[in-house]
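Residue numbers (this note's numbering): -12 to 100.
Ideal placement from N, C-alpha and C gives every residue a C-beta, glycine not left out.
Everything numeric in this text was worked out from a predicted model, so none of it was measured.
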Ligand code: AMP
């Protein structure tokens, strides 16, 4: 997979507002927030898109969701938040290193645009 800006953030080669880190993932604030709380949860293992994950990644994917819960609770949005994964340029994926968007702190409409 082609390296992305998120790999550089994980290696701390470029700055980011990191709010959580463990051995498997990093969470940092989105540089262009779409809600009062907008945090990205990014696996350290470079998987380009969700569709590229396989059975070996099952535990990692579960871990990312549990970290999403923790990050949301830590930022006061545990009762109402949205988790978004854009898979593919056709739905808006712009960084091809898997990431969960954690969004909250305002109301949201459904369906999403
Ligand atoms: P997506 O469009 O789903 O691929 O989401 C990529 C997200 O990464 C966008 O919301 C961007 O604002 C965000 N982003 C891009 N570069 C950075 C960066 N250097 N630091 C934090 N967030 C970034």
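Open item on the list: Is residue 86 a contact residue of the ligand AMP, with contact defined as CB to any heavy atom under 7 Å?
Closed with: yes
TODO: Could you round the C-beta distance between residue 31 and residue 13 to whole angstroms and report it? I think they count as a contact, below 8 Å.
DONE: 7 Å
Task: Three-state secondary structure (DSSP) of residue 25 - done: In the structure shown, residue 25 sits in a strand (DSSP, three-state: E or B).
Open item on the list: Ignoring anything shorter than 3 residues, give me the beta strand (DSSP E) runs that lie fully in the region 7 to 73, in order along the chain.
Closed with: 12 to 16, 24 to 30, 68 to 71
Open item on the list: So, with DSSP's three-state summary, where would you put residue -3?
Closed with: helix
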